[in-house]
Amino acid sequence: MLSNSGGAVPLVSLAGVSKRFPNGTLALDNVSLDIPEGQLLSLIGLSGSGKSTLLRHVNGLLRPTSGVVEVNGTQVSSASNRELRKVRRDIGFVFQQFGLVGRTTCLENVLNGALGSLKGPRYGVWSYPKILRSQAFDQLDRVGLANQAYQRADTLSGGQMQRVAIARSLMQRPKIMLADEPVASLDPESSAQVLDLLLRVSIEDGMTVVVTLHQVELALGWATRIVGLRDGKVVLDRDATTLKQEDVMEVYQRVDSSLSNESDIVSDDFASVVPAP
Amino acid sequence: MSGAHLEPLVKSASALPRAPKNWRTSVISAIFVGFVIALVWSWLYIDMTLSTVFGGFSDIWNLILYMFPPIFDNFPEALRTTLETIWMALIGTTLAVLLSIPLAFMAARNTSPHPAVIAVARGIIALTRAIPTLVLAAIFASSVGIGPFPGILALGLHSIGMIAKLFTEAIENTEATSRDAVMSTGAGKWQSILTTIIPQITPSSVGTSLYRLDINLRESAVLGFVGAGGVGFLIQSELRGLDYQRAISAVTVIFVAITLIELVSARLRASIIGDHLFSPSKQTPRSMARVASDQQKISTALAGRQLTLPWTYERVLRASVGVSYLVMMVVAFATIDMPLLSAFSLVDDLAKGIAQLFPPDFETAGSELLKGMLETTAIGFIATALGLVIAIPLGILTARNIIIRRVVITVTRGILLLIRGLPELILAVIFVAAMGLGPVPGTLALTIGTATFMAKLIGDALEEVQQAPREGVSATGASRVQEFISAVLPQALPNLVSQTLYMLDVNLRSSTVLGIVGGGGIGFLLISAIRGYETQTVGAIILVIFAIVYAIELLGAFVRWMVE
Ligand SMILES: Nc1ncnc2c1ncn2[C@@H]1O[C@H](COP(=O)(O)OP(=O)(O)OP(=O)(O)O)[C@@H](O)[C@H]1O
Ligand SMILES: [Mg+2]
């Protein structure tokens, strides 16, 4: 069971996490997952399988109905607002819809990433310390958009917006980077650019990365570990190098396939029910 | 299907598919009949015969003749009080905006700390709207003393109803991802709100505030009627002193001020809501030079890794609008003598003033109260209906897609714009001076206000109708009038109904204060009770006004819901 956890104390650990939304949807069903430092993990699964919900539990945007989420030694699932803010400072989060403030400049958007380390509300470039402004410029440089620093974020292309969003996360100097379908609204070329960027900065900064992706090929070429979700359960958990495309496709099978009765089988045991190629 | 052809012709018509007739349609017809009955009753109640109306017009015409030639030796005083009017509107609107911001954040579902807070905040917002500015001003004037200060307080409090409501909607319409994104960097709730929501709501909020400033300027022009500062007092006393030639000059000054400010604010609003203070619509050498100089500034800043935003033309423009506003506020505060009250004693005075209204005394005014209430309602109904009847032809005359002659359109629009520059209550005070006290001059003033306002709405609504059905109808060989009735009118109708309801609401609110200038309705009772320090009667009257306004709001909401 611990084959992918490397034995060390995991940076992120989910133990028996279930999430039932107020409307009755069971989005996560007894999920246990350990993510060691430095891992590049890709979460795959059908739409509605619970990928976003899982990510949102890691940084405490959602709280589990039952189970424990621990990040970097802090119990996120029961943390106070203060502790939560502290944990979040170590976690970058990249959204499919970028989440930029369109009417402000790229520089201001990147600066917003530093809010967690500052006290009190800030408004406008001038309200941030000079050293942070300089760092924001550096991060824009890293994502290749220094020339757009003074440009309004809503005048950028989608790929550029996502790069600004990554620069904003980098301002936090995070230990962990979570990305929820970061390229789902981008064309193939921008997608490749954004994923390359994400990979590069994670290695440079030694970040642990969890990315949810729809495109299986992208996930395979990119990650060191692949975790598949279906109906809120982990149905696949494998080293990316030993995984074949067909194995992955199983994750995308409907519930009504032959696996439905055994869908509570988790992690590596999944391999035994995958028909040999 | 086939059977229908065999039936007699008359019957076959009823066999055609008809719009489903359900309980909604019958309720709507019932409401419509109700409105008609209310109208007829109103007409009888205030005894508005055609001869009084036409007699009234000749009185007004005579008064206008007396006004000429105007005497402008009161010009310095007119200018001073007009400036005071403007500063009052500016400070009052600012006060309302400042109070509205926290209220809106508490009332908006996506930022409020608790559902109970939402309910309380929304309650406060609705409450402030219920009491007309002039009534608030009259009450405040009697508790903190006459002068511009109670006027400013009244403007500030009453405007919250509209400003905070629109701010709340703007906050609820912001997109949430950016806030989630900033929250997930470890930012606190208020940090995230400030950085992500404020930029999103700024354009619409500035637009709302400017729009309210226009309205408040008109309100501010009549606050002098109750001793709450501004040009209104001058106009009223000149009319009372039969000094018509000077009255017209004071009216002219405020009229010019209102019209000019409205033009400027409309321009500003259009560019801010369109989100571009500076947009080169045409490529002129000047605009191209600006763009080039902006690019120059940006590349210099980038080359030097400048850690502040470069001063592009648009940014300079924005900043100068902001600075002008601040300068005006400073001038306003320097010009207006504000009582040196501590916030504490102010709250104390106001609280005492409000406490005096209780328990409300319905006995002393007795049947007068009922009479005032009925008269107010009747005035509101007639002014709306009559205004609508006048507005329809006027509106048609201003629609560019119906009237071919540009001259007609330009002249009609010009006249409407000019009349709109006069606040209804100023019209009312002039009409009362011409015709004497009573509901008829008040009704006429509201009617004119309604007609000009609705004419503009109707003109705009007509211009928005789709062209395809019109062409379809014309292609069958229909005349222009037939085409108008069968293709244009039905498209504009739903909008018209909802605007009429809105107008009825506005007019009923206005007619509660007409009496303050002698134009009929419950306002007369109110102002005499205030002057006679019968504070508990004032309390009772305010409750009645409250009830009228609230009933109308409920009725309006119900009708809109039914029509929808
Ligand atoms: N706030 C919510 N309230 C109720 N149900 C929710 C909520 N958020 C998600 N769900 C439900 O939980 C399930 C998992 O949703 P989630 O967004 O995690 O899926 P996903 O794997 O990210 O899908 P996609 O690929 O479409 O983004 C879905 O059935 C969804 O409808
Ligand atoms: Mg998702």
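Chains as they are written, first to last, in the working numbering: chain A, 337 to 613; chain B, 116 to 679. Just so you know, even glycine gets a beta-carbon here, dropped at the ideal spot from N, CA and C.
- Using a Cβ-Cβ cut-off of 8 Å, A:Y588 does not count as an interface residue toward chain B, since no Cβ of chain B sits closer than that to its own.
- Boundaries of the beta strand (DSSP E) harbouring A:E406: S402 to V407, taken from the DSSP string.
- Counting only the Cα atoms, B:K280 lies some 12 Å from B:S324.
- Residue ranges of uninterrupted alpha helix (DSSP H) with 4 or more members are absent from the stretch 317-349 of chain B; none lies entirely inside it.
- The alpha helix (DSSP H) runs lying completely inside the stretch 453-534 of chain A and spanning 4 residues or more are 466-478 and 494-506, given in chain order.
- With a threshold of 16 other beta carbon atoms within 10 Å, A:K455 falls short and is exposed.
- About 6 Å separates the Cβ atoms of B:V544 and B:Q351, confirming a contact at the 8 Å cut-off.
- Annotated as proximal: B:L338 and B:A252, with beta-carbon spacing under 8 Å.
- A:G438 places its beta carbon 8 Å or farther from that of B:T300.
- In this model, A:V348 and A:L436 are separated by some 27 Å (Cα to Cα).
- The Cβ atoms of B:T310 and B:V297 sit closer than 8 Å to each other.
- Those residues that bring their Cβ nearer than 5 Å to a heavy atom of ligand 1 are A:F357, A:N359, A:T361, A:A363, A:S383, A:G384, A:S385, A:G386, A:K387, A:S388 and A:T389.
- Look at A:E517: its beta carbon is less than 7 Å from one of the heavy atoms in ligand 2.
- The Cβ of A:R509 sits no closer than 8 Å to any Cβ of chain B.
- Listed by position along chain A, the residues whose Cβ is nearer than 7 Å to that of B:R420 are F473.
- Assignment of beta-bridge partners to A:Q432 by DSSP yields no partner.
- Residue-level contact by beta carbon fails for A:A415 and chain B, as no gap is shorter than 8 Å.
- Of all residues in the stretch 426-438 of chain A, the ones placed with a Cβ closer than 9 Å to any Cβ belonging to chain B are D426, I427, G428, F429, V430, F431, Q432, Q433, F434, G435, L436, V437 and G438, in chain order.
- Burial check for B:G347: the Cβ neighbour count within 10 Å reaches 16 or more, so the residue is buried.
- The C-beta of A:V348 comes no closer than 8 Å to any C-beta of chain B.
- According to DSSP, residue pairing for A:T544 in a beta bridge involves A:I512.
- The beta-bridge partner set that DSSP reports for A:T441 consists of A:R488.
- In the DSSP annotation of this structure, B:A223 is not part of any alpha helix (DSSP H), being labelled neither H nor E.
- The shortest C-alpha to C-alpha distance from A:S416 to any of A:A555, A:S402 and A:L397 is the one to A:L397.
- Counting along the chain, B:D162 sits inside no beta strand (DSSP E), nor does DSSP assign it H or E at all.
- The C-beta of A:Q496 has 16 or more other C-beta atoms within 10 Å across all chains shown, which makes the residue buried.
- With a contact defined as Cβ atoms closer than 8 Å, B:G630 and B:V547 miss out at about 10 Å.
- Interface with chain A (8 Å Cβ-Cβ cutoff): B:Q651 is excluded.
- Approximately 7 Å separates the beta-carbon atoms of A:V423 and A:N408; this is inside 8 Å, confirming the contact.
- If you compare the alpha carbons of B:I363, B:F477 and B:I524 with that of B:A193, the shortest gap goes to B:I363.
- In the three-state scheme derived from DSSP, where H, G and I count as helix and E and B as strand, A:G381 is classed as strand.
- Taking each of A:L549, A:N448, A:R478 and A:G480 in turn and checking the Cα distance to A:P465, the smallest one comes out for A:N448.
- Under a criterion of Cβ atoms nearer than 7 Å, the residues of chain B adjacent to A:G452 are, in order, T300, G301 and A302.
- Between the alpha carbons of B:A269 and B:F448 lies a gap of roughly 17 Å.
- Note on geometry: alpha-carbon atoms of B:G468 and B:L559 lie some 34 Å from one another.
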